[in-house]
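Residue numbers in the sequence shown follow full-length UniProt numbering, run continuously in steps of one, and reach 356 at the last position.
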Amino acid sequence: YLPPAARRAASAAGRRAAPPAPPGAGAVSAPAHPPNYLSAPRNRPEGKVLETVGVFEAPKQHGKYETGQLFLHSVFGYRGIVLFPWQARLYDRDVASPVTEKSENAAGHGSKEVKGKTHTYYQVLIDARDCPHISQRSQTEAVTFLANHDDSRALYAIPGLDYVSHEDILPYSSTDQVPIQHELFERFLTYDQTKVPPFVARDTLCAWQEKNHPWLELSDVHRETTENIRVTVIPFYMGMREAQNSHVYWWRYCIRLENLDSEVVQLRERHWRIFSLSGTLETVRGRGVVGREPVLSKEQPAFQYSSHVSLQASSGHMWGTFRFERPDGSHFDVRIPPFSLESNKDEKTPPSGLHW
């Protein structure tokens with residue numbers, strides 16, 4: 001038996017294979033009962049067919065997945081492999097704290113106190129073959145870095161690098177020694193048939209993690225639901241640059257929107273408030289997000305994107321609302337949970353990215 005999320009993700013992979021494979025072509029067809037085999041399209045001159053790429057395993061209810069664990073993303077449907085875990089503090093505003101108190105932040109924004117709990121996220125590689133099919137993402141890379149030179153506005157991204165929550169992982173196994181297509185797969189991992197899973201970290205992966213720890217690690221995750229639209233925010237510190245005799249601190253933040261209801265809604269506007277420790281309060285309004293106005297439906301309930309913010313102070317915080325439109329033309333506002341922007345105090349060297 002596979003959970004509903006696994007069936008949805010597996011069927012999403014199957015929908016990419018068109019036209020259907022002819023009888024006898026070796027494809028895995030869709031039986032009346034959910035399959036135990038994970039299938040993906042394979043290009044052939046006559047079209048795309050399904051081929052078996054692995055066997056689903058039971059998701060872990062306790063403990064962490066190991067480096068080298070293959071998985072299918074339960075929301076976005078791509079194949080990936082775990083590089084290493086991160087421990088984050090999850091602040092879920094939908095879960096009532098034992099003592100609910102009201103507090104006012106520096107900008108006068110009222111909020112209840114939320115107690116954080118430990119939650120596991122994973123740094124993963126996405127299979128490059130699946131990237132073109134992840135339509136619910138504004139980009140397939142979720143990790144950007146400040147360029148290691150004087151241009152303070154220069155950013156670069158590592159394609160196919162992502163952060164995945166523990167509950168989004170649907171583990172599977174494969175007999176393929178190179179089951180994931182990514183330029184970093186063989187630089188980071190090696191095959192060892194005596195291990196379970198049989199993909200183990202190379203020294204280059206350990207060195208890269210250690211060197212880029214301050215810019216890779218996620219420490220806080222913030223979540224809040226308004227009218228069945230859940231917003232999850234993960235901020236990351238990116239480093240400091242000097243510009244015009246002043247310090248500029250940079251953060252990236254990843255936002256996931258999820259429609260927990262069956263009603264179709266569309267994101268129309270964003271409204272941000274950005275407070276800096278220097279005492280400034282900035283308001284940002286605009287259409288959609290990252291140039292898109294995503295539709296959240298039962299078939300595609302989630303959308304995820306990343307953006308960036310810079311402050312002339314070492315800390316601050318952000319909050320705001322997203323305005324959604326219903327099919328009847330009415331609108332409603334969804335709260336973006338307040339989150340802090342904190343700089344790392346122990347930074348030593350600039351992020352190295354892919355430079356060894």
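Glycine is no exception: its CB is placed at the ideal position from the N, C-alpha and C atoms.
Asked	Found
ASP333, enclosing beta strand (DSSP E) - first and last residue	331-342
Beta-carbon gap between LEU205 and LEU218 smaller than 8 Å	no
Nearest-angstrom beta carbon gap, PRO214 and ASN344 [assumed within contact, 8 Å]	5 Å
Opposing strand residues paired with VAL124 [DSSP bridges]	VAL82, ASP162
LEU170 - partner residues in DSSP beta bridges	LEU72
Proximity below 8 Å, CB of GLU342 to CB of SER315	yes
Close beta carbons around VAL99, own chain, < 6 Å, minus the five adjacent residues each side	Residue placement at VAL99 is poorly supported in this model, since its pLDDT is 48, which falls under 50; the coordinates still yield a value, given next. There are no such residues.
Beta-carbon proximity of LEU70 to TYR163, cut-off 8 Å	no
DSSP three-state assignment for ALA207, whether helix, strand or coil	helix
Cα-Cα separation, VAL75 to GLN244	44 Å
Distance, VAL265 Cα to SER297 Cα	7 Å
Coil, strand or helix - HIS182 by DSSP	coil
Simplified DSSP state of ARG187, which is helix, strand or coil	helix
C-beta contact flag for GLU224 and ARG93 at 8 Å	yes
Helix, strand or coil at SER62 according to DSSP, with G and I counted as helix	The residue you asked about is not Ser; residue 62 is His in the sequence shown. Correct three-state label for HIS62: coil.
For PRO132, three-class secondary structure by DSSP	helix
Contacts around ARG137, its chain only, beta-carbon distance under 6 Å, and the 5 residues preceding and following it disregarded	GLN304
Helix, strand or coil at LEU260 [DSSP, three-state]	coil
Expected contact under 8 Å - CB spacing of THR118 and PRO85 to nearest Å	No, THR118 and PRO85 are not in contact; Cβ-Cβ is about 11 Å, not under 8 Å.
Strand pairing of MET318, partner residues [DSSP]	ILE274, PHE339
Alpha-carbon to alpha-carbon, SER278 and LEU170	44 Å
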